[in-house]
Structures are given as structure tokens and as C-alpha cells.
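Residue numbers (this note's numbering): -12 to 355.
Ideal Cβ positions, reconstructed from N, Cα and C, are used throughout, including at glycine.
These notes concern the structure reproduced below.
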């Protein structure tokens, strides 16, 4: 089976989405599928569409390159035809345009089976309060997505929806490449404080402000440190920094920026609890199989979240909080952390078979 894995952006080493895509592709290959990745390279000012490490189309630089990388999709159809590819896996970037629809039409005429992964659904509310550029994207998507869906065989979702845009779904969970995620080392903190870690490409729905406000209003705040790892929407990050400054939390909330490799491992090793998404309700999400929850469990660290994640609801190493705007109750977090008796090895073992990427992508292949 030949699969073209089509995305509409590039790769960043510290980016969770980039790592997820690489894990998915690796899993497809390990399941026996000849998988090629079609992606966009924006390095050195050039706009190029790539197939793995080879240039498929050089769109040039400047405004011309920016336009062509979104409109010049015929090279993809040509590559699919020349290489006898009959299965297309598309990761949605909410970029529904006439040019994408035209590409899908051509692929269907060739006899291709097309599945589209929609990472989060529903997603319209994620655009509330964002700039005009984002509003233009979601407006176009709303206008055209049902037309686009006519050319899609199935939609891959991490939600519980049986149909999306009128198409049947393949329901999977976010998975883990356990070979790429090291087990946490249980180090006793040198300062006897409770260290929390929150890792994300930060958006409003991560709700880390709830944790910051919780630390600000707890009498024991000198005994708690929140490590925020990652960058995000500038307005959100500015709001976090303002909360920290207003409440004099510079020693209790540490912004590390994006980390990967040993630097990220070191942060996990000094922390006792992970912070998952605390505000998915802001984007209208109630059920979600969050990738971050799985990464925390794979590392063997207990964690806190607010949505409904069917794979973790009954696990003894998770703490659920209300899906609302209340502050995170730090004393309850401290009490919960003290109550967890499982080792990192035992936490990891609880998801080892069910939540590997190989298991999830095998289900996709079998559903094609």
C-alpha cells in the first residue's frame, strides 16, 4: 500500500504537532505502508513543496511564493499519478479553498481513497477573538468544507463523533511512540517544593491562567512552582506574564520557552505533576483524546485536566477539575500528588499496548 501523507506546513523540532506527525508516519511505515510525506518548506526565504527530503515544486520567494504555496497544488496530483499512489492521508489545517477542492477532485478521478484527519472537532470556537487573518481562514472553511467533504471517503477524528461534515469517521486516540518518549526519573526536588510542568504550543483552551490564578490565591504558594514550557499566541502569553507580574509570582511561575531533547527531559525529571488542558470548554470541546495527556502518562507522571478523555477517566494517577473558569485549587493538587502511589513504570505500563501509534494507525489502515 502506497500512502501520501499530505500536510500544509513545515516541521519544527520542538513542536508537538511536528513530533506527532513524524510518529504517525513512522507507525504507518512500521505497519507495512510505503508512506511519503508531502510538506511545505519555508526555510531561507524560499517556499518549496517537498516529498520527504526531495523538492517537488519550488514556488520561489516573496509574495509570489506565498501565493503559489497555497494555490499551486497540481504538482501533488501529478506526483500521485506518476507514482501509482492510491491512498491519501491529509491533515486538515482548516485551509479549505477552491484550490484544495480542485486537487481532491483530481485525486478522486484517479481512483484514490482519501482520508482527512481533523485534529480537533468542533473547532470553530477556537477562532474567537483572533485576528482578521484567522477570521478569513475560518470563514472560507465554513463556506466550502461541506463541498470539500464530498471528495473525502472518511474523516479521522480523536472525538466521539460518528460523522463529520456528513462523512463517516475513523475514531482513534492520539498515540505515543514509546521509543521516543523517555520514562521520567523520580528525582526528589532539592527545594522540597511541588513542581508542576505544563507543556504546549499555547492557546486559550490550554487554560494555564487557571493554574497561575490558583497559585496566586493559595497561602502555600511559596511551596509550588509552575514550569510553563512552550510558546504560543502572543496575546495569551502576554496575559500570562501580566498575571505573574501583578501577583508577584516570578519565583513561582517560570517560562522556559520551547524545549526539546535533554532540556525537556530535565524539566520532567524535576517535576512531580503535569498540567494538561484546563479550558477546552472555551472552544466548545467536552470530549477529547489529548496528545498531551498521553505524553504525560508515557513519561510516567501524574497529571491534571478538565475535559473528558475516555482513556483516562478512571485512572488513579489523574486529577479531574471542573470545566469552568474557576482557579485551580492548589491545595487539592498537593493532596492529590501526595496520594499517588504508582511508580512512573506503572503509569506508563497502563497505556503501553492500547495507546501506541502503531495500534492507532493500524486501525486507520484497516478502515481504508
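(request) For the stretch 303 to 311 and the stretch 124 to 133, state whether three or more C-beta atom pairs, one from each stretch, are separated by less than 8 Å. (result) no
(message) Strictly by DSSP, which residues pair up with residue 65?
(response) Here residue 65 is taken as the residue at index 78 of the chain shown, counted from 1. DSSP, once it has assigned bridges, lists no residue as partnering residue 65.
(request) Enumerate, from N- to C-terminal direction, the unbroken beta strand (DSSP E) stretches of 3 or more residues contained entirely within the stretch 259 to 340. (result) 260 to 262, 290 to 292, 305 to 307
(message) At the level of alpha carbons, what is the spacing between residue 339 and residue 55?
(response) Here residue 339 corresponds to residue number 352 of the chain shown, with the count starting at 1. Here residue 55 corresponds to residue number 68 of the chain shown, with the count starting at 1. If I take the Cα positions, the gap works out to 43 Å.
(message) On the DSSP bridge list, what partners appear for residue 104?
(response) Residue mapping note: residue 104 aligns to position 117 of the chain shown, counting from 1. Answer is 78, 143, bridged to residue 104.
(request) Taking only the alpha-carbon atoms, compute the straight-line gap between residue 154 and residue 137 and give it to the nearest angstrom. (result) Position 167 of the chain shown, counted from the start, is the residue given in the question as residue 154. Position 150 of the chain shown, counted from the start, is the residue given in the question as residue 137. For residue 154 and residue 137, the distance between alpha carbons rounds to 8 Å.
(message) Assuming residue 213 and residue 185 are in contact, meaning their beta carbons sit under 8 Å apart, how far apart are those beta carbons, in whole angstroms?
(response) One-based indexing of the chain shown puts residue 213 at position 226. One-based indexing of the chain shown puts residue 185 at position 198. Right, the Cβ-Cβ distance comes to about 7 Å (below 8 Å), so this counts as a contact.
(request) Specify the secondary structure class of residue 231 as computed by DSSP and reduced to three states. (result) Residue numbering aside, residue 231 sits at position 244 when the chain shown is read from its first letter. Helix.
(message) With the cut-off set at 9 Å, would you say residue 163 and residue 26 are in Cβ contact?
(response) For this step, residue 163 is matched to residue 176 along the chain shown. For this step, residue 26 is matched to residue 39 along the chain shown. Not a contact, by the Cβ cut-off of 9 Å.
(request) Apply the 10 Å Cβ neighbour rule to residue 119 and answer buried if 16 or more other Cβ atoms are within range, or exposed otherwise. (result) Within the chain shown, residue 119 is the residue found at index 132, counting from 1. With fewer than 16 other Cβ atoms within 10 Å, it is exposed.
(message) Using C-beta distances below 6 Å, list every residue in its chain close to residue 139, excluding the 5 sequence neighbours before and after it, in chain order.
(response) Along the chain shown, read from residue 1 onward, the residue named residue 139 stands at position 152. 101, 103, 154.
(message) Pairs of beta-carbons, one from the stretch 157 to 177 and one from the stretch 312 to 328, closer than 8 Å: are there three or more?
(response) no
(request) Out of 316, 342, 234, 222, state which residue places its alpha-carbon closest to the alpha-carbon of residue 279. (result) Translated into positions along the chain shown, residue 279 becomes position 292. The shortest Cα separation from residue 279 among 316, 342, 234, 222 belongs to 342.
(request) Starting from residue 85, trace the alpha helix (DSSP H) both ways and give me its first and last residue. (result) As a first step, residue 85 must be located in the chain shown, where it is residue number 98. Note, residue 85: alpha helix (DSSP H), 85 to 96.
(message) Quick check: what's the CA-CA separation for residue 9 versus residue 20?
(response) Within the chain shown, numbered from 1, the residue matching residue 9 stands at position 22. Within the chain shown, numbered from 1, the residue matching residue 20 stands at position 33. Looking at the two C-alpha atoms, the distance is approximately 14 Å.
(message) Distance check for residue 5 and residue 293, CA to CA, integer angstroms please.
(response) The residue labelled residue 293 in the question sits at position 306 within the chain shown. The residue labelled residue 5 in the question sits at position 18 within the chain shown. Each residue's Cα considered, the two are about 25 Å apart.
(message) Need the endpoints of the beta strand (DSSP E) that residue -9 sits in, please.
(response) One-based indexing of the chain shown puts residue -9 at position 4. Where residue -9 is concerned, the enclosing beta strand (DSSP E) stretches over -11 to -7.
(request) Can you say whether residue 267 is buried or exposed, counting buried as having 16 or more other CB atoms within 10 angstroms of its CB? (result) Counting from 1 along the chain shown, the entry for residue 267 is found at position 280. It counts as buried.
(request) Have a look at residue 24 and residue 13 and give me their C-alpha separation to the nearest angstrom. (result) Numbered from its first residue, the chain shown carries residue 24 at position 37. Numbered from its first residue, the chain shown carries residue 13 at position 26. Cα-Cα distance, rounded: 11 Å.
(request) Evaluate contact between the stretch 297 to 304 and the stretch 226 to 243, counting only Cβ atoms and requiring at least three cross-stretch pairs below 8 Å. (result) no
(message) Quick check: the Cα distance between residue 31 and residue 58, rounded to an integer number of angstroms?
(response) Here residue 31 corresponds to residue number 44 of the chain shown, with the count starting at 1. Here residue 58 corresponds to residue number 71 of the chain shown, with the count starting at 1. Roughly 21 Å separates the two Cα atoms.
(request) With residue 99 as the anchor, note down where its alpha helix (DSSP H) starts and where it stops. (result) Taking the chain shown and counting its residues from 1, the one referred to as residue 99 is at position 112. Careful: residue 99 lies outside any alpha helix (DSSP H) and carries neither H nor E.
(request) Below 8 Å CB to CB, which residues in the same chain sit around residue 332 once its five sequence neighbours on both sides are set aside? (result) Residue numbering aside, residue 332 sits at position 345 when the chain shown is read from its first letter. So the list reads 170, 287, once near-sequence residues are dropped.
(request) Look at residue 75 and residue 43 and say whether their C-beta atoms are less than 9 Å apart. (result) Numbered from 1 along the chain shown, position 88 holds the residue referred to as residue 75. Numbered from 1 along the chain shown, position 56 holds the residue referred to as residue 43. Not in contact: residue 75 and residue 43 (Cβ atoms no closer than 9 Å).
(request) Sort out for me which residues DSSP pairs residue 214 with in a bridge. (result) Numbered from 1 along the chain shown, position 227 holds the residue referred to as residue 214. Its beta-bridge partners are 184, 241.
(message) Classify residue 326: buried if its beta carbon has 16 or more other beta carbons within 10 angstroms, exposed otherwise.
(response) The sequence position of residue 326 within the chain shown is 339, counting from 1. It is exposed - the Cβ of residue 326 has fewer than 16 other Cβ atoms within 10 Å.
(request) Between the Cα of residue 49 and those of 3, 72, 35, spot the shortest distance and give me the residue it belongs to. (result) Here residue 49 refers to the residue found at position 62 when the chain shown is read from its first residue. For residue 49, the nearest C-alpha among the options comes from 35.
(message) DSSP three-state label for residue 121, please.
(response) One-based indexing of the chain shown puts residue 121 at position 134. In this structure, residue 121 counts as helix in the three-state DSSP scheme.
(message) Give me the DSSP bridge partner(s) of residue 34.
(response) Counting from 1 along the chain shown, the entry for residue 34 is found at position 47. According to DSSP, which records beta bridges pairwise, residue 34 is partnered with 47.
(request) Answer with buried or exposed for residue 201, where buried requires no fewer than 16 other C-beta atoms within 10 angstroms of its C-beta. (result) Locating residue 201 in the chain shown gives position 214, where the first residue counts as 1. Answer is buried; the Cβ neighbour count reaches 16.
(message) Between which two residues does the beta strand (DSSP E) holding residue 24 run?
(response) Along the chain shown, read from residue 1 onward, the residue named residue 24 stands at position 37. Start and end: 21 to 28.
(request) Determine the extent of the beta strand (DSSP E) in which residue 156 is found, giving its start and end residues. (result) One-based indexing of the chain shown puts residue 156 at position 169. 154 to 158 is the extent of the beta strand (DSSP E) around residue 156.
(request) Counting only the same chain and skipping the five closest in sequence on each side, list residues whose C-beta sits under 8 Å from that of residue 66. (result) As a working mapping, residue 66 is identified with position 79 in the chain shown. Cβ neighbours of residue 66 beyond the five flanking positions: -9, 25, 38, 43, 72.
(message) To the nearest angstrom, how far is the alpha carbon of residue 122 from that of residue 114?
(response) Translated into the one-based positions of the chain shown, residue 122 becomes position 135. Translated into the one-based positions of the chain shown, residue 114 becomes position 127. Residue 122 and residue 114: Cα-Cα distance of roughly 7 Å.
(message) Taking only three categories from DSSP, how would you classify residue 72?
(response) The count along the chain shown starts at 1 and reaches residue 72 at position 85. Coil, per DSSP.
(request) With DSSP as the reference, label residue 204 as helix, strand or coil. (result) Numbered from 1 along the chain shown, position 217 holds the residue referred to as residue 204. Residue 204: coil per DSSP, three-state reduction.
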